[in-house]
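Written out below as structure tokens is the structure these notes cover.
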Amino acid sequence: MANFDISQFKVVESPYYQEQFNEIDLYKVAYSSRLPVMIKGPTGCGKSRFIEHMAYKLDKPIITVSCNEDITASDLIGRFLLDSDGTRWVDGPLTIAARHGAICYLDEVVEARQDTMVVIHSLTDHRRELMIDKKGELLKAHPDFQLVISYNPGYQSLMKDLKQSTKQRFVALDFDFASPEIEAIIVSNESGVDSEIAKKLVQFANTTRKLVGHGLDEGASTRLLNYAGILISKGVDIKDACQIALIKPITDDAEVREVMNASMEAIFG
Amino acid sequence: MTDPTYDRNLKCAFESVHLEFSKHIDTARSKLSQESLDEYYDGVEFFATIGQGDSVSIAFANVMPWVGAHFGKNSIKTITGFSYETIARSPNKEFLVDFIFSLIEVINYAKEDELEKFLSLIGYQLKQTTYSVHGIHVTHSSPSFRAFLSRIGVILSQLDYEGIYEWINYGLRYFKSHPERQEAFFLLSTSDSRAVFQRQRKGVLFVDIERRANLLQLALWGTDFMYAPYSPDFEQHEHFHPYLEDGVIRLPDIYTELNGINGSKRYFALIAHLLAHNQFTTAIVADNLSPHQRLFVEVFEDARVEYLCIQQYPGLKSIWQKLIPKIGESVCNEETQSCIRHRASMLSRALIDENHNYKNVEILKFVNKFKELMNTGESTTEDSLSLGLDFLASTRHASDSLADIFFTDTEISYRDDNRVMWIFIEDGDEGDDIFQKKFEDKENQKIEAVIPPHYYDEWDYKYESYKPDWAVVYERLHSHSDATFIDQLLDKNRDLVKQLKRVLDLLKPQNKKRLRFQEEGSELDLDIALRSVIELKNGSQPDTRINTDFEHDSRSVSVLLLLDLSESLNDIVEATNQTILELSQEAVSLLAWSMEQLGDNFAIAGFNSNTREHVMYYHIKGYSEHWDDTVKARLANLKAEYSTRMGAAIRHGTHYLDLQKSDKKLMLILTDGEPSDVDVKDPEMLIKDTHKAVQECQQKGMYPYCISLDNRADNYISDIFGSHYSVIDRIESLPKELPQLFLSLTK
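Read top to bottom, the protein sequences are chains A and B. For the first sequence, numbering that gives the first Met the number 0 assigns the number 0 to the initial residue and increments by one for each residue that follows. For the second sequence, numbering that gives the first Met the number 0 assigns the number 0 to the initial residue and increments by one for each residue that follows.
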């Protein structure tokens, strides 16, 4: 295990990120004290991009775990495997990050079962240690180690929420879609469409976001806007691009679609 | 045009006819062809000789120049013939004058080549409503013909001929033998008549697009104003305009296509215009302005808010442009008519459409001024005020105040009455309080009207069609009394409860669901385990999720228990000396208890009816409520009265059950007899209607099931429910059988 190469988890190229409020500085300060960070925000508003960007800025490796219902504690910590010589311990992503000093990013953390998440508790307070009971090891976290989690409060239900005891171990950054001006800059930068089209796309996305709770679970995300922009810059007709990137993915309700079509007609003329 | 030298003397004995004729002959000469003019003379002369005095001839002399000019060749002769043969020589001759006068309205709506069609329609209505006693003579005049004629304008303007016949036939079907109700029907004054009429109308009904309109408003403007549609045609405010006031948008209830813009887009254009005002208009004082000044200020203000709105939503421009009528520059003669509306209309178009092609210097000048203003990027309603006043000042013409105002094509249908932009400091008579008054009237009505009633169609098997909005269903929370009564009932059936409990316990764990791919579980999943061993031998990483586990699957069932609460439930069952109602209460308590034990989502409701105007639907337990004392108290207070209009109750129950989210939806209907009501004589009618309601329910994916306590039920029940029913012959066993039936249905 000594020859484990943590640098493979480093972010090589600078990911594009447009600051919305002073989240970059806030994050830097949190990192400097190794405070665990929780990032909330709707789907596709740039949570993962932000963490990637920060890892690049701080020049730290980042290990991302996409959480799902079936994830177990041993999926995070590690497990013994059998091989021809007997058993062999393999570290899980959380253990790797803690041992070698990386940022461990648990994406969509509410998807995992609440009792699974309890394993992170000892790493996220003053102890900064992880008990690997199967191995009988008490791992002291590397000084560079930091834990970051993200989730989308939008589709929070009674079934899916974090325990209070988990929540209260993090400082939280609340993300939302950027203001229309900034979002237009993001779309134009990411997809290469000119700023006029980007503005219109953002205007359209904002009309869909107003429908949340009235037939839509979530409005069109910045990520979808980028997709639409990419299609447009590749020569697809604007309205067709909106159809396949912004309208069809987010709803199956015929009436809502018709309304979105009408808004599209109004905005793009 | 006729030969000016043509000269014919009118041969008529009535002085009054000569007098009237002399007033109209010039018009007739200028409008009618030579042939028609002859027919006109003939007609006036003829009607003076049929023994009806001078009135028919006078009416004829009055309207025929226009009618003849509209329908053209031979039309006057045709009308003369029809009037005589069909009306004058029938018991309906008293209506002849009404008929002739009604033609003047008819020519506004009937096309030139539709005279024959129109006359046969009139003939049909007349013939069908004139009835004979004993079938020997047609002796009674039509009770509804005059009413029909009085509404002919609305009827022709709203419906095509096919629709009119449907509407007439409906009236004939149900009101042929009620002269007064027939008259009310053809006067369009009853809700039935209007409901049928509405269905025949062409166009987009607002109710059908209301949700879309709501969402669009929210998406584009972030507002949530309510909508209140009005019927301009029935309420006889034909020049009523839409408006937005006190958070309510008033708009017409139906839009047909106009200039290639379909009904729903027209609603969109209207709502967009109203909300543009809402966003950009600030009210200004109106008291010092004349109506003409206000007109032009409004034109500029409308253009201004639309311009601003188009900056945000450019797609609106083409819709609005198409809806503004294209008016020719020279269609209005300034010497003889007031062209004020014509100018306003041209200006409206020029302000929104760059390709207007108008040459009028003043219009071009003011369009430029308007553009300059808008290009500065900042404008207010005050700017519209000064533009409007200046425009009127520089285009004022002496003829502006003439009484003959040019009106054709000067109305822009999607624009509101601009009440938002004016403040009247002195209390004037400007306000429109018609709706206010209506609202107050409603408040004065009985408390019953607190929850608005629901209207349901009823199936008429004889004519294979629905009677629209026929049954009126009122819903109420059932009154309550003492919950302990129900507890006593349950206590009385202690043994049964125990027995049921055993069945329930058996039922519960049957719905086990196997969960595979578990790291920890109750059993080893051999397939996966073997695969993992193979992976191990290969030296690759094995899957450690080699166990299976079990989970209790929740039953996804929603149940509605619909109780017949009609009078007959008060009958006493001899075996137990209890009424059927009491037995039902026992049975329902047991069933509710069982369902609660199973954790099923269920509701209980009762119904009875006293004519179609009064179907009661009582909520006894809602889906979100638990089987607790409030619910028990309601169940304890059940009363049995009135009749059983089952179809309407099933439709209403279907509505609520449909809203439940579960895999299986079961509607249990507990009844002691066949559907019937005091206002229905044909026993088949409500049976067939209930059958239809059951079909509708099934089409929506629900499972209706009837439990009948009527031992004669075999005669009709399968006609209603197909095979989905049980008849309980020994009513006294109901408390035992009902829960068991439910359990076997949902196993």
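A virtual CB, placed ideally from N, CA and C, is assigned to each residue, including glycine.
Cβ-based contacts, 9 Å cut-off: residues of the segment 251 to 267 of chain A near chain B: Taking 9 Å as the Cβ-Cβ cut-off against chain B, the residues of the segment 251 to 267 of chain A that qualify are Glu-254, Val-255, Glu-257, Val-258, Met-259, Ala-261, Ser-262, Met-263, Glu-264, Ala-265, Ile-266 and Phe-267.
Beta carbon proximity, Lys-133 (chain A) to chain B, threshold 7 Å: One-based indexing of the first sequence puts residue 133 (chain A) at position 134. Not one chain B Cβ lies under 7 Å of Lys-133 (chain A).
Secondary structure of Gln-167 (chain A), DSSP reduced to three states: On the first sequence, position 168 is the one that residue 167 (chain A) refers to. Reduced to three states, the DSSP call for Gln-167 (chain A) is coil.
Delimiting residues of the alpha helix (DSSP H) encompassing Pro-738 (chain B): Indexing the second sequence from 1 puts residue 738 (chain B) at position 739. Where Pro-738 (chain B) is concerned, the enclosing alpha helix (DSSP H) stretches over 733 to 745.
Rounded separation between Leu-146 (chain A) and Lys-536 (chain B) - CA only: If you number the first sequence from 1, residue 146 (chain A) lands on position 147. If you number the second sequence from 1, residue 536 (chain B) lands on position 537. Their backbone Cα atoms lie some 36 Å apart in a straight line.
Separation of Tyr-164 (chain B) from Lys-175 (chain B), as counted between CA atoms: Mapped onto the second sequence, residue 175 (chain B) falls at position 176. Mapped onto the second sequence, residue 164 (chain B) falls at position 165. Roughly 15 Å separates the two Cα atoms.
Cβ-based contacts, 8 Å cut-off: residues of the segment 217 to 228 of chain B near chain E: In the structure shown, chain E cannot be found, because the protein chains are A and B.
Interfacial residues, the segment 516 to 535 of chain B to chain A, with Cβ spacing under 8 Å: Correct list: Phe-516, Glu-518 and Leu-535.
For Lys-638 (chain B), the nearest candidate out of B:Ser-478, B:Asp-459 and B:Gly-327 (CA to CA): Here residue 638 (chain B) refers to the residue found at position 639 of the second sequence. The candidate whose alpha carbon is nearest that of Lys-638 (chain B) is B:Ser-478.
Whole-number beta carbon distance between Phe-720 (chain B) and Cys-705 (chain B), since they are thought to touch under 8 Å: Looking up residue 705 (chain B) in the second sequence gives position 706. Looking up residue 720 (chain B) in the second sequence gives position 721. Their Cβ separation, rounded to whole angstroms, is 5 Å, which keeps Cys-705 (chain B) and Phe-720 (chain B) in contact under 8 Å.
Span of the beta strand (DSSP E) around Asp-456 (chain B): Taking the first residue of the second sequence as position 1, residue 456 (chain B) is located at position 457. Its beta strand (DSSP E) spans residues 453 to 459.
Residue span of the beta strand (DSSP E) that contains Leu-146 (chain A), given as start and end: Along the first sequence, read from residue 1 onward, the residue named residue 146 (chain A) stands at position 147. Per DSSP, Leu-146 (chain A) belongs to the beta strand (DSSP E) from 145 to 150.
Reduced DSSP category for Lys-620 (chain B) - H, G, I as helix; E, B as strand; rest coil: Position 621 of the second sequence, counting from 1, holds the residue named residue 620 (chain B). Look at Lys-620 (chain B) here: in three-state DSSP terms it is strand.
Local Cβ density within 10 Å of Leu-157 (chain A), reported as buried at 16 or more and exposed below that: Taking the first sequence and counting its residues from 1, one reaches residue 157 (chain A) at position 158. Here the model assigns Leu-157 (chain A) a pLDDT of 45, short of 50, so the residue's position is not dependable, and the following value carries that caveat. With a 10 Å radius around the Cβ and a threshold of 16 neighbouring Cβ atoms, Leu-157 (chain A) comes out exposed.
Beta-carbon neighbours of Asp-58 (chain A), restricted to chain B and to distances below 8 Å: Numbered from its first residue, the first sequence carries residue 58 (chain A) at position 59. Within chain B, not a single residue places a beta-carbon under 8 Å from that of Asp-58 (chain A); the smallest gap is close to 31 Å.
Neighbouring residues, chain B, relative to Arg-78 (chain A) (Cβ below 8 Å): Mapped onto the first sequence, residue 78 (chain A) falls at position 79. What Arg-78 (chain A) touches in chain B: Thr-543.
Meets three-Cβ-pair contact criterion under 8 Å: the segment 376 to 394 of chain B and the segment 213 to 225 of chain B: Below 8 Å, too few C-beta pairs join the segment 376 to 394 of chain B and the segment 213 to 225 of chain B to call them touching: fewer than three.
Contact list for the segment 194 to 217 of chain B against chain A, Cβ threshold 8 Å: For the segment 194 to 217 of chain B, which is checked against every Cβ of chain A, the residues closer than 8 Å are Arg-210, Arg-211, Asn-213, Leu-214, Leu-215 and Leu-217.
Identity of the residues DSSP links to Asn-374 (chain B) by a beta bridge: If you number the second sequence from 1, residue 374 (chain B) lands on position 375. Per DSSP, Asn-374 (chain B) has no beta-bridge partner at all.
Expected contact under 8 Å - CB spacing of Gln-659 (chain B) and Asn-569 (chain B) to nearest Å: As a position in the second sequence, residue 659 (chain B) is number 660, starting the count at 1. As a position in the second sequence, residue 569 (chain B) is number 570, starting the count at 1. Not confirmed; about 32 Å, so no contact.
Validate contact between the segment 659 to 679 of chain B and the segment 702 to 716 of chain B using beta carbons, cut 8 Å, 3 pairs: With the cut-off at 8 Å, the segment 659 to 679 of chain B and the segment 702 to 716 of chain B touch.
Distance between Pro-290 (chain B) and Phe-203 (chain A) (C-alpha atoms, nearest Å): Residue numbering aside, residue 203 (chain A) sits at position 204 when the first sequence is read from its first letter. Residue numbering aside, residue 290 (chain B) sits at position 291 when the second sequence is read from its first letter. Annotation: Phe-203 (chain A) to Pro-290 (chain B) spans about 41 Å, alpha carbon to alpha carbon.
Burial state of Ile-450 (chain B) (16 or more Cβ within 10 Å): The residue given as residue 450 (chain B) occupies position 451 in the second sequence. By the 10 Å Cβ count, Ile-450 (chain B) comes out exposed.
Proximity to Leu-95 (chain B) [Cα-Cα], best of B:Asp-53, B:Leu-514 and B:Glu-731: Position 96 of the second sequence, counted from the start, is the residue given in the question as residue 95 (chain B). A check of alpha carbon separations from Leu-95 (chain B) across B:Asp-53, B:Leu-514 and B:Glu-731 identifies B:Asp-53 as the nearest.
Cβ pair Val-64 (chain A), Pro-92 (chain A) closer than 7 Å: Stepping through the first sequence from its first residue, residue 64 (chain A) is reached at position 65. Stepping through the first sequence from its first residue, residue 92 (chain A) is reached at position 93. Yes. Within cutoff.
Integer-rounded CB distance, given that Ile-411 (chain B) should sit under 8 Å from Ile-323 (chain B): Locating residue 323 (chain B) in the second sequence gives position 324, where the first residue counts as 1. Locating residue 411 (chain B) in the second sequence gives position 412, where the first residue counts as 1. At roughly 5 Å, the Cβ-Cβ gap stays under 8 Å, so Ile-323 (chain B) and Ile-411 (chain B) are in contact.
Check whether Lys-325 (chain B) and Thr-255 (chain B) have beta carbons under 7 Å apart: Residue mapping note: residue 325 (chain B) aligns to position 326 of the second sequence, counting from 1. Residue mapping note: residue 255 (chain B) aligns to position 256 of the second sequence, counting from 1. No, the Cβ-Cβ distance between Lys-325 (chain B) and Thr-255 (chain B) is not below 7 Å.
Residue interval of the beta strand (DSSP E) (run including Trp-88 (chain A)): Here residue 88 (chain A) refers to the residue found at position 89 of the first sequence. Taken as a continuous stretch (DSSP letters only), the beta strand (DSSP E) holding Trp-88 (chain A) covers 85 to 90.
C-alpha distance - Ile-181 (chain A) paired with Gln-19 (chain A), whole-angstrom precision: As a working mapping, residue 181 (chain A) is identified with position 182 in the first sequence. As a working mapping, residue 19 (chain A) is identified with position 20 in the first sequence. For Ile-181 (chain A) and Gln-19 (chain A), the distance between alpha carbons rounds to 7 Å.
Which listed residue (B:Thr-48, B:Asn-374, B:Asn-168 and B:Ile-404) has its alpha carbon closest to that of Ala-87 (chain B): Here residue 87 (chain B) is taken as the residue at index 88 of the second sequence, counted from 1. The shortest C-alpha separation from Ala-87 (chain B) is found at B:Thr-48.
Helix, strand or coil at Met-684 (chain B) according to DSSP, with G and I counted as helix: Your numbering for residue 684 (chain B) matches position 685 in the second sequence. Of the three classes helix, strand and coil, the one that applies to Met-684 (chain B) here is helix, per DSSP.
Contacts around Lys-664 (chain B), its chain only, beta-carbon distance under 7 Å, and the 5 residues preceding and following it disregarded: For this step, residue 664 (chain B) is matched to residue 665 along the second sequence. Same-chain partners within the cutoff: Ser-557, Leu-656, Gly-700, Met-701 and Tyr-702.
Near the ligand HEM: Phe-98 (chain B) beta-carbon under 6 Å from a heavy atom: Ligands are entirely absent from the displayed structure, and the ligand HEM is therefore not among its contents.
Tyr-254 (chain B) (DSSP reduced to helix, strand or coil): Mapped onto the second sequence, residue 254 (chain B) falls at position 255. Of the three classes helix, strand and coil, the one that applies to Tyr-254 (chain B) here is strand, per DSSP.
Simplified DSSP state of Ser-190 (chain A), which is helix, strand or coil: Against the first sequence, residue 190 (chain A) aligns to sequence position 191. In the structure shown, Ser-190 (chain A) sits in a helix (DSSP, three-state: H, G or I).
Member of B:Gln-157, B:Leu-257, B:Val-247 and B:Thr-335 whose CA lies at the smallest distance from the CA of Ser-230 (chain B): For the purposes of this step, residue 230 (chain B) is taken as the residue at position 231 of the second sequence. Ser-230 (chain B) has its Cα closest to that of B:Gln-157, out of B:Gln-157, B:Leu-257, B:Val-247 and B:Thr-335.
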